[in-house]
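Written below as C-alpha cells is the structure these notes are about.
2 protein chains.
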Amino acid sequence: MLTAIYTAVGELVGEGADRISFPVIAERAGVNPTTLYRRWDDVNALLEEVAVAALTRDGESLPDTGSLEHDLAQWADIIARDITRPERVRYLRAMVSARVDIVSACPVTETRREQASKMVRRARERGEATPTVPQILDHVIAPLYYHVVFALPVDHEYARRLVHDVLTMVR
Amino acid sequence: MLTAIYTAVGELVGEGADRISFPVIAERAGVNPTTLYRRWDDVNALLEEVAVAALTRDGESLPDTGSLEHDLAQWADIIARDITRPERVRYLRAMVSARVDIVSACPVTETRREQASKMVRRARERGEATPTVPQILDHVIAPLYYHVVFALPVDHEYARRLVHDVLTMVR
DNA sequence: TAGCTAAAGCAAAGTTCATTGCTTTTTGTG
DNA sequence: CACAAAAAGCAATGAACTTTGCTTTAGCTA
Numbered sequence: 005m006l007t008a009i010y011t012a013v014g015e016l017v018g019e020g021a022d023r024i025s026f027p028v029i030a031e032r033a034g035v036n037p038t039t040l041y042r043r044w045d046d047v048n049a050l051l052e053e054v055a056v057a058a059l060t061r062d063g064e065s066l067p068d069t070g071s072l073e074h075d076l077a078q079w080a081d082i083i084a085r086d087i088t089r090p091e092r093v094r095y096l097r098a099m100v101s102a103r104v105d106i107v108s109a110c111p112v113t114e115t116r117r118e119q120a121s122k123m124v125r126r127a128r129e130r131g132e133a134t135p136t137v138p139q140i141l142d143h144v145i146a147p148l149y150y151h152v153v154f155a156l157p158v159d160h161e162y163a164r165r166l167v168h169d170v171l172t173m174v175r
Numbered sequence: 005m006l007t008a009i010y011t012a013v014g015e016l017v018g019e020g021a022d023r024i025s026f027p028v029i030a031e032r033a034g035v036n037p038t039t040l041y042r043r044w045d046d047v048n049a050l051l052e053e054v055a056v057a058a059l060t061r062d063g064e065s066l067p068d069t070g071s072l073e074h075d076l077a078q079w080a081d082i083i084a085r086d087i088t089r090p091e092r093v094r095y096l097r098a099m100v101s102a103r104v105d106i107v108s109a110c111p112v113t114e115t116r117r118e119q120a121s122k123m124v125r126r127a128r129e130r131g132e133a134t135p136t137v138p139q140i141l142d143h144v145i146a147p148l149y150y151h152v153v154f155a156l157p158v159d160h161e162y163a164r165r166l167v168h169d170v171l172t173m174v175r
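Just so you know, the protein sequences line up as chains A and B, in that order. In terms of the working numbering, the first sequence opens at residue 5 and continues consecutively. In terms of the working numbering, the second sequence opens at residue 5 and continues consecutively.
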C-alpha cells in the first residue's frame, strides 16, 4: 500500500512527468485517490515525504583515502554526480518548495554534516590541518546544491574547484 | 495591464496564498484569464518573470568603501537582509520550482556576478589582491541563497563569516 | 469467532482549471 | 482620420481536480 504509493511517486518523478497529482499517483499505485487526499494535505507534502526518504538513504560509502584532500575530492564528486540525476533534482526542488518548518530540520544537510565531521576527524587524527566542518558545508556542499536547484552547471571540474578552494582556508 | 498582473502576483505571493493559478491572478488583476493563458505557458513562467523582476531590481547602491573587504562585508549584509524577507523567500522558492529547464541563465546570479565584478575591478585598480569573481559567487552568494531556500539560518554574523572565508583565498 | 475500529474503496457532485472560436477594444501608422 | 494588426475580453466546452457521505474491507482485541 504505502510502498506502492512511494514507488509510484518515485517512478513519476523519475520519468519527469509533467503532471504529478493525487489522481495520477493513485492510478499508478493502484489505489483510490481518496486515500491520498485523506492521508496527505497536498501533493507537495507527499512529494517531500518521499524526497526525504530518497535523499537521506546513503548507499554511498564515505571515502577514506588517507588524505583529506582526496577524501573531499572523491566525496564532492560522488555528491555532484548524485544530485545532478534528474530525479534527485526534482526531489530537491520539491523539498525547497515544500513547507518551511519541516525542512528546517533538514535531514539532507545533517547527513552531509556527519559525513564531513567524520572525514575531518580522521584527518585531524592523522595530524592534518583541516578547514572546519561548517566551512566545508558552506563552501563545498552549499555551492553544489545551490547550482543544482538554480539549474546552474555542475560537473567534476566544478566540484574539484570547490574542494581546492576550501582547502586554501586551512590556516 | 501588465503592471496590474505583476502587482497581483506580488500580492498573492506576499500573502502566501496557497493557490496561485491563472484564474486567481486574473481576478485579482482585473483582467481576463484568457489573456494570461495566451501570454504565458503556465503559472510558473509568469511567477518566475515576476520573481526575476523583483529580485533583480537593485535599488541597492553598490558599496564603495575603498577596500574590498568592507565592500564585500556591506554587500553580503545587504543581500542577507534582503533575501531573508518573507516575500523574497517565497519568490526564491517560486523560482526554484519554476526552473525546470537547464537552458536559461539565472538572471539573479547574473546581477550578482556583475556587482561582484565591479567591486573586484575597483579593488584591483587600487592594487589590492582579490579573490576571483567565481569564488565570490561560490563562497558568498551561493551559501547565502542555499541557506535561504533550505530554511537554514542567515544573519549578519553568517554573512560576515563567508566574506572572511573568501578573503582567505587570496593568494 | 464476534465485534469494534481504522483504513480503503466507491460514486456522485461541485469546483476550478484550461482550451478555443469569435467578438471587441486598443494601438500604432500611413 | 482611417484602417490594419495586435491584444484583450467573452462565452462555451471539456477535462481534471477535490470534496463528501456512505459502504466495504482489513486489522485487532476480548
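Glycine included, every Cβ here is placed at the ideal spot set by N, Cα and C.
Residue i to residue j, Cα distance in whole Å?
i              : j              : result
V13 (chain B)  : E64 (chain B)  : 23 Å
H168 (chain B) : T113 (chain B) : 21 Å
E52 (chain A)  : R43 (chain A)  : 14 Å
L205 (chain A) : L156 (chain B) : This structure gives no information on residue 205 (chain A), because the portion of chain A shown stretches from 5 to 175.
G20 (chain A)  : V93 (chain A)  : 10 Å
A146 (chain A) : P111 (chain A) : 14 Å
D75 (chain A)  : M123 (chain A) : 7 Å
T11 (chain A)  : T39 (chain A)  : 16 Å
D46 (chain B)  : P27 (chain B)  : 12 Å
V178 (chain A) : G131 (chain B) : No statement about residue 178 (chain A) is possible, as the shown extent of chain A runs from 5 to 175 and does not include it.
L6 (chain B)   : L59 (chain B)  : 18 Å
A127 (chain A) : Y41 (chain B)  : 57 Å
N48 (chain B)  : I9 (chain B)   : 14 Å
L166 (chain B) : E118 (chain A) : 21 Å
V100 (chain B) : L96 (chain A)  : 9 Å
H143 (chain B) : L141 (chain A) : 10 Å
Q139 (chain A) : E161 (chain B) : 14 Å
R61 (chain B)  : V158 (chain A) : 27 Å
R125 (chain B) : R125 (chain A) : 39 Å
Apart from the five residues just before and just after residue i, which ones in its own chain have a Cβ nearer than 8 Å to its Cβ?
i              : result
R164 (chain B) : A77, A80, D81
L16 (chain B)  : I24, V28, I29, R32
G70 (chain A)  : R130
Helix, strand or coil: which one does DSSP assign to residue i?
i              : result
V112 (chain A) : helix
L141 (chain A) : helix
M5 (chain B)   : coil
D105 (chain A) : Note that D105 (chain A) scores a pLDDT of 47, beneath 50, so its modelled location is shaky and nothing firm can be said.
T69 (chain A)  : coil
G20 (chain A)  : coil
P27 (chain B)  : helix
L156 (chain A) : coil
R130 (chain A) : coil
W44 (chain A)  : coil
T136 (chain A) : coil
G14 (chain A)  : helix
E53 (chain A)  : helix
R92 (chain B)  : helix
T38 (chain B)  : helix
T172 (chain A) : coil
Note down, in chain order, each residue of its chain lying with its Cβ closer than 7 Å to the Cβ of residue i, except the 5 sequence neighbours on either side.
i              : result
P135 (chain B) : V170, L171, M173, V174
S121 (chain B) : V137
I83 (chain B)  : L148
G34 (chain A)  : A8
A133 (chain B) : V174
Report all residues from its chain with a CB closer than 6 Å to the CB of residue i; omit the five preceding and five following residues, and keep chain order.
i              : result
R116 (chain A) : I145
G18 (chain A)  : E91
P67 (chain A)  : D75, Q78, W79
P37 (chain A)  : F26, P27, A30
A98 (chain B)  : L51, A55
L72 (chain A)  : A127, E132, T134
D22 (chain A)  : none
Nearer than 8 Å: is that true of the beta carbon of residue i relative to any heavy atom of the ligand SAH?
i             : result
L51 (chain A) : No copy of the ligand SAH occurs in the structure displayed, which carries no ligand at all.
Cβ contact (3+ pairs, closer than 8 Å) linking the stretch 86–101 of chain A and the stretch 144–164 of chain A: yes
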